[in-house]
Amino acid sequence: MPSQSLLLAHRLEGKNVLLVGAGEVAFTRLKKLIPTGARVTLVAPEVHPTIWDQYCSFIDLNEANDMDFTDQDWTSKKGIYRLIKKSFNLDYLDLYRKDNDSGWSLILTCIPNKPLSEEIYHESKRRFGSQQTVNVADNPPLCDVYFGAELNFGSDNDTKMQLMISSNGMGPRFVALVRDEIKQLLEGIDFQASLNNLGALRQAVRTIANNDSNDTKYRMNWMKQCTETFGIKNCENLKVQELTKLFQEMYNNDQDLQFPPKNEMFGKYLQ
2 MPSQSLLLAH
12 RLEGKNVLLV
22 GAGEVAFTRL
32 KKLIPTGARV
42 TLVAPEVHPT
52 IWDQYCSFID
62 LNEANDMDFT
72 DQDWTSKKGI
82 YRLIKKSFNL
92 DYLDLYRKDN
102 DSGWSLILTC
112 IPNKPLSEEI
122 YHESKRRFGS
132 QQTVNVADNP
142 PLCDVYFGAE
152 LNFGSDNDTK
162 MQLMISSNGM
172 GPRFVALVRD
182 EIKQLLEGID
192 FQASLNNLGA
202 LRQAVRTIAN
212 NDSNDTKYRM
222 NWMKQCTETF
232 GIKNCENLKV
242 QELTKLFQEM
252 YNNDQDLQFP
262 PKNEMFGKYL
272 Q
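Just add 1 to wherever you are in the sequence shown, counting from 1, and you've got my numbering.
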(Lines of atoms letter the chains of each structure in order from A and count residues from 1; the text may use other names and numbers.)
(Lines give C-alpha, C1' and ligand atoms only; values in the text may rest on other atoms or scores of the structure.)
Protein backbone atom coordinates (compact mmCIF):
# COMPACT_ATOMS: atom_id res chain seq x y z
CA MET A 1 0.00 0.00 0.00
CA PRO A 2 1.48 3.40 -0.99
CA SER A 3 2.50 5.72 1.80
CA GLN A 4 0.89 9.12 2.30
CA SER A 5 2.36 12.35 0.97
CA LEU A 6 3.47 15.16 3.26
CA LEU A 7 1.45 18.22 2.25
CA LEU A 8 3.56 21.37 2.50
CA ALA A 9 3.24 25.00 1.41
CA HIS A 10 6.25 25.49 -0.88
CA ARG A 11 7.72 29.01 -0.78
CA LEU A 12 9.07 29.78 -4.28
CA GLU A 13 9.40 33.56 -4.42
CA GLY A 14 12.54 34.49 -6.34
CA LYS A 15 13.57 30.86 -6.80
CA ASN A 16 14.28 29.20 -10.15
CA VAL A 17 11.81 26.74 -11.63
CA LEU A 18 12.44 24.88 -14.90
CA LEU A 19 9.34 24.15 -16.95
CA VAL A 20 9.87 22.00 -20.06
CA GLY A 21 6.98 22.28 -22.49
CA ALA A 22 4.57 25.13 -23.25
CA GLY A 23 1.27 23.51 -24.11
CA GLU A 24 -2.05 23.28 -22.28
CA VAL A 25 -0.66 21.27 -19.35
CA ALA A 26 2.21 23.73 -18.95
CA PHE A 27 -0.35 26.53 -18.84
CA THR A 28 -2.05 24.88 -15.85
CA ARG A 29 1.34 24.75 -14.14
CA LEU A 30 2.05 28.42 -14.88
CA LYS A 31 -1.29 29.47 -13.41
CA LYS A 32 -0.07 28.02 -10.12
CA LEU A 33 3.60 29.00 -10.38
CA ILE A 34 3.40 32.67 -11.38
CA PRO A 35 1.40 33.83 -8.31
CA THR A 36 4.13 32.33 -6.08
CA GLY A 37 6.72 34.75 -7.48
CA ALA A 38 8.89 31.93 -8.84
CA ARG A 39 11.48 32.74 -11.53
CA VAL A 40 10.23 30.41 -14.26
CA THR A 41 12.48 29.41 -17.14
CA LEU A 42 10.32 27.95 -19.90
CA VAL A 43 11.88 25.72 -22.57
CA ALA A 44 9.83 24.74 -25.62
CA PRO A 45 10.08 25.09 -29.42
CA GLU A 46 6.42 26.13 -29.65
CA VAL A 47 4.38 28.13 -27.15
CA HIS A 48 0.63 27.94 -26.56
CA PRO A 49 -1.08 31.23 -27.56
CA THR A 50 -2.55 31.72 -24.09
CA ILE A 51 0.91 31.43 -22.53
CA TRP A 52 2.19 34.02 -25.01
CA ASP A 53 -0.60 36.43 -24.16
CA GLN A 54 -0.53 36.07 -20.39
CA TYR A 55 3.08 35.39 -19.48
CA CYS A 56 5.41 36.45 -22.32
CA SER A 57 4.52 40.10 -22.86
CA PHE A 58 8.19 41.15 -22.62
CA ILE A 59 9.11 39.34 -25.86
CA ASP A 60 9.15 41.10 -29.23
CA LEU A 61 9.83 38.47 -31.89
CA ASN A 62 10.40 41.17 -34.52
CA GLU A 63 13.44 42.44 -32.63
CA ALA A 64 14.77 39.08 -31.51
CA ASN A 65 18.24 37.97 -32.59
CA ASP A 66 17.91 34.46 -31.18
CA MET A 67 15.40 32.28 -29.41
CA ASP A 68 16.59 32.85 -25.83
CA PHE A 69 14.67 35.66 -24.14
CA THR A 70 15.18 36.97 -20.61
CA ASP A 71 12.97 39.62 -19.03
CA GLN A 72 15.53 42.14 -17.78
CA ASP A 73 12.77 43.98 -15.90
CA TRP A 74 11.29 40.85 -14.32
CA THR A 75 9.60 41.26 -10.98
CA SER A 76 7.81 38.78 -8.75
CA LYS A 77 4.41 37.57 -10.06
CA LYS A 78 4.87 39.46 -13.36
CA GLY A 79 5.23 36.49 -15.71
CA ILE A 80 7.91 34.06 -16.77
CA TYR A 81 11.53 35.11 -16.25
CA ARG A 82 13.07 33.44 -19.29
CA LEU A 83 11.90 31.70 -22.45
CA ILE A 84 14.18 29.43 -24.46
CA LYS A 85 12.19 28.81 -27.63
CA LYS A 86 14.06 25.69 -28.64
CA SER A 87 13.85 21.94 -28.23
CA PHE A 88 15.12 20.82 -24.85
CA ASN A 89 18.82 20.15 -24.43
CA LEU A 90 20.13 18.41 -21.32
CA ASP A 91 22.70 21.19 -20.97
CA TYR A 92 19.82 23.44 -19.92
CA LEU A 93 19.78 21.60 -16.61
CA ASP A 94 23.01 23.46 -15.75
CA LEU A 95 21.76 26.97 -16.58
CA TYR A 96 21.93 28.15 -12.98
CA ARG A 97 24.13 25.48 -11.46
CA LYS A 98 26.62 26.47 -8.77
CA ASP A 99 28.93 23.62 -7.80
CA ASN A 100 26.67 20.94 -6.29
CA ASP A 101 23.62 23.21 -6.24
CA SER A 102 21.43 22.67 -9.30
CA GLY A 103 19.92 26.14 -8.93
CA TRP A 104 16.44 24.69 -9.47
CA SER A 105 13.83 24.54 -6.73
CA LEU A 106 11.62 22.54 -9.09
CA ILE A 107 12.10 20.81 -12.43
CA LEU A 108 8.84 20.14 -14.29
CA THR A 109 8.18 18.44 -17.61
CA CYS A 110 4.91 18.85 -19.51
CA ILE A 111 5.63 17.31 -22.89
CA PRO A 112 4.06 14.43 -24.87
CA ASN A 113 7.51 12.90 -25.40
CA LYS A 114 7.64 10.20 -22.71
CA PRO A 115 11.24 9.01 -23.37
CA LEU A 116 12.56 12.59 -23.17
CA SER A 117 10.58 13.27 -19.98
CA GLU A 118 12.03 10.16 -18.38
CA GLU A 119 15.52 11.12 -19.53
CA ILE A 120 15.16 14.58 -17.97
CA TYR A 121 14.00 13.01 -14.71
CA HIS A 122 16.83 10.49 -14.46
CA GLU A 123 19.50 12.93 -15.63
CA SER A 124 18.34 15.48 -13.04
CA LYS A 125 18.72 12.87 -10.32
CA ARG A 126 22.10 11.77 -11.66
CA ARG A 127 23.53 15.28 -11.82
CA PHE A 128 22.03 16.80 -8.70
CA GLY A 129 21.20 13.88 -6.43
CA SER A 130 18.03 12.19 -5.27
CA GLN A 131 16.98 15.30 -3.34
CA GLN A 132 16.34 17.27 -6.56
CA THR A 133 12.58 17.79 -6.83
CA VAL A 134 11.13 16.73 -10.20
CA ASN A 135 7.59 16.35 -11.52
CA VAL A 136 6.88 14.53 -14.78
CA ALA A 137 3.33 15.25 -15.93
CA ASP A 138 1.07 12.19 -16.23
CA ASN A 139 3.71 9.86 -14.81
CA PRO A 140 3.09 9.50 -11.03
CA PRO A 141 6.09 7.21 -10.35
CA LEU A 142 8.35 10.01 -11.61
CA CYS A 143 6.78 12.72 -9.44
CA ASP A 144 8.45 13.84 -6.22
CA VAL A 145 5.56 16.28 -5.79
CA TYR A 146 2.00 16.45 -7.09
CA PHE A 147 -0.08 19.44 -8.14
CA GLY A 148 -3.31 19.12 -6.19
CA ALA A 149 -6.59 20.99 -6.46
CA GLU A 150 -6.14 24.38 -4.81
CA LEU A 151 -8.65 26.71 -3.23
CA ASN A 152 -7.44 30.25 -2.61
CA PHE A 153 -9.26 32.68 -0.35
CA GLY A 154 -8.80 36.41 -0.88
CA SER A 155 -7.65 38.49 -3.83
CA ASP A 156 -5.10 37.25 -6.36
CA ASN A 157 -2.50 39.65 -4.97
CA ASP A 158 -3.18 39.09 -1.28
CA THR A 159 -4.06 35.46 -0.65
CA LYS A 160 -3.25 34.44 2.90
CA MET A 161 -5.33 31.27 3.11
CA GLN A 162 -4.99 28.31 0.77
CA LEU A 163 -6.37 24.78 0.80
CA MET A 164 -5.01 21.91 -1.27
CA ILE A 165 -6.52 18.49 -1.90
CA SER A 166 -4.42 15.74 -3.44
CA SER A 167 -5.25 12.28 -4.73
CA ASN A 168 -1.51 11.53 -5.03
CA GLY A 169 -1.85 11.40 -8.79
CA MET A 170 -4.77 8.97 -8.83
CA GLY A 171 -7.75 11.19 -9.69
CA PRO A 172 -7.00 14.89 -10.31
CA ARG A 173 -10.43 15.66 -11.74
CA PHE A 174 -12.17 14.02 -8.78
CA VAL A 175 -10.31 16.14 -6.23
CA ALA A 176 -11.13 19.22 -8.30
CA LEU A 177 -14.81 18.36 -7.86
CA VAL A 178 -14.27 17.93 -4.11
CA ARG A 179 -12.60 21.34 -4.02
CA ASP A 180 -15.56 22.93 -5.79
CA GLU A 181 -17.96 21.37 -3.27
CA ILE A 182 -15.94 22.81 -0.38
CA LYS A 183 -15.91 26.21 -2.06
CA GLN A 184 -19.71 26.22 -2.27
CA LEU A 185 -20.02 25.26 1.40
CA LEU A 186 -17.78 28.13 2.48
CA GLU A 187 -19.13 30.85 0.19
CA GLY A 188 -20.06 34.07 1.93
CA ILE A 189 -17.31 33.93 4.56
CA ASP A 190 -14.72 36.70 4.34
CA PHE A 191 -11.61 34.64 5.04
CA GLN A 192 -9.27 37.49 4.17
CA ALA A 193 -10.83 39.75 6.81
CA SER A 194 -10.79 36.87 9.29
CA LEU A 195 -7.10 36.23 8.77
CA ASN A 196 -6.27 39.93 8.89
CA ASN A 197 -8.05 40.18 12.26
CA LEU A 198 -6.42 37.07 13.66
CA GLY A 199 -3.01 38.16 12.41
CA ALA A 200 -3.40 41.58 14.04
CA LEU A 201 -4.58 40.00 17.29
CA ARG A 202 -1.75 37.51 17.26
CA GLN A 203 0.78 40.29 16.81
CA ALA A 204 -0.80 42.39 19.55
CA VAL A 205 -0.75 39.64 22.17
CA ARG A 206 2.81 38.73 21.22
CA THR A 207 3.95 42.21 22.25
CA ILE A 208 2.36 41.66 25.67
CA ALA A 209 3.55 38.12 26.37
CA ASN A 210 6.99 37.46 24.91
CA ASN A 211 9.26 36.93 27.91
CA ASP A 212 9.87 33.18 27.95
CA SER A 213 8.59 29.76 26.88
CA ASN A 214 5.75 29.93 29.42
CA ASP A 215 4.53 33.14 27.81
CA THR A 216 4.72 31.52 24.39
CA LYS A 217 2.73 28.49 25.52
CA TYR A 218 0.09 30.63 27.21
CA ARG A 219 -0.22 32.94 24.22
CA MET A 220 -0.66 30.03 21.80
CA ASN A 221 -3.28 28.36 24.01
CA TRP A 222 -5.13 31.65 24.42
CA MET A 223 -5.21 32.26 20.66
CA LYS A 224 -6.34 28.69 20.05
CA GLN A 225 -9.26 28.96 22.48
CA CYS A 226 -10.19 32.43 21.28
CA THR A 227 -10.31 31.31 17.64
CA GLU A 228 -12.35 28.22 18.51
CA THR A 229 -14.81 30.34 20.50
CA PHE A 230 -15.72 32.50 17.52
CA GLY A 231 -15.41 29.83 14.81
CA ILE A 232 -14.91 30.34 11.10
CA LYS A 233 -18.06 32.42 10.58
CA ASN A 234 -17.33 35.17 13.12
CA CYS A 235 -13.61 35.92 13.01
CA GLU A 236 -14.14 38.45 10.22
CA ASN A 237 -15.98 40.64 12.78
CA LEU A 238 -13.52 40.54 15.68
CA LYS A 239 -12.88 43.68 17.73
CA VAL A 240 -9.12 43.32 17.87
CA GLN A 241 -8.45 46.16 20.31
CA GLU A 242 -11.07 44.93 22.79
CA LEU A 243 -9.76 41.37 22.59
CA THR A 244 -6.23 42.64 23.16
CA LYS A 245 -7.46 44.27 26.38
CA LEU A 246 -9.08 40.97 27.38
CA PHE A 247 -5.81 39.16 26.79
CA GLN A 248 -3.96 41.70 28.94
CA GLU A 249 -6.45 41.19 31.78
CA MET A 250 -6.28 37.40 31.60
CA TYR A 251 -2.49 37.43 31.29
CA ASN A 252 -2.17 39.64 34.36
CA ASN A 253 -4.56 37.34 36.21
CA ASP A 254 -2.01 34.52 36.57
CA GLN A 255 -2.28 33.69 32.86
CA ASP A 256 -5.92 32.74 33.17
CA LEU A 257 -7.48 30.65 30.37
CA GLN A 258 -11.07 30.84 31.61
CA PHE A 259 -12.84 32.94 28.99
CA PRO A 260 -16.10 34.81 29.65
CA PRO A 261 -19.33 32.99 28.68
CA LYS A 262 -19.87 32.62 24.95
CA ASN A 263 -22.82 35.01 24.81
CA GLU A 264 -20.68 37.69 26.47
CA MET A 265 -17.82 37.01 24.06
CA PHE A 266 -20.14 37.39 21.08
CA GLY A 267 -21.86 40.49 22.44
CA LYS A 268 -18.76 42.38 23.52
CA TYR A 269 -16.02 41.34 21.11
CA LEU A 270 -17.77 41.18 17.73
CA GLN A 271 -18.55 44.11 15.45
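Cβ atoms here follow ideal geometry from the backbone N, Cα and C, with glycine treated the same way.
query	result
Coil, strand or helix - Cys144 by DSSP	strand
Integer Cβ distance of Leu199 from Cys236, believed to fall under 8 Å	6 Å
For Phe231 and Ala210, the rounded distance between their alpha carbons	22 Å
Pairwise C-alpha distance: Lys33 and Tyr97	22 Å
Range covered by the beta strand (DSSP E) that runs through Asp69	Asp69 to Thr71
CB contact flag (Ala45, Lys16, <7 Å)	no
Among Thr208, Arg174, Gln204 and Asn153, the one whose alpha carbon lies nearest that of Leu187	Asn153
Beta-carbon gap between Gly155 and Gln185 smaller than 7 Å	no
Limits of the unbroken beta strand (DSSP E) element including Arg98	No beta strand (DSSP E) holds Arg98; DSSP gives it neither H nor E.
DSSP beta-bridge partners of Ile108	Leu19 and Val135
Candidates Gln163, Phe148, Lys161 and Asp191, of which the one nearest Arg174 by Cα	Phe148
Candidates Asp213, Met171, Asn101 and Arg127: closest to Ser6 by CA position	Met171
From Phe248, Lys240 and Gln259, residue whose alpha carbon lies closest to that of Tyr270	Lys240
Contacts around Gln204, its chain only, beta-carbon distance under 7 Å, and the 5 residues preceding and following it disregarded	none
Bounding residues of the beta strand (DSSP E) (the contiguous stretch that carries Arg40)	Arg40 to Val44
For Leu239: DSSP bridge partner residues	Leu271
Contact set for Met251: own chain, Cβ-Cβ below 6 Å, skip 5 residues either direction	Asp257
Assigned secondary structure, Ile35 (DSSP; H/G/I helix, E/B strand, else coil)	helix
Exposure label - Lys218; buried when at least 16 CB within 10 Å	exposed
Inter-residue Cα distance where the pair is Gly104 and Asn264	55 Å
Host beta strand (DSSP E) of Ile190 (start-end)	Run containing Ile190: none; DSSP gives neither H nor E here.
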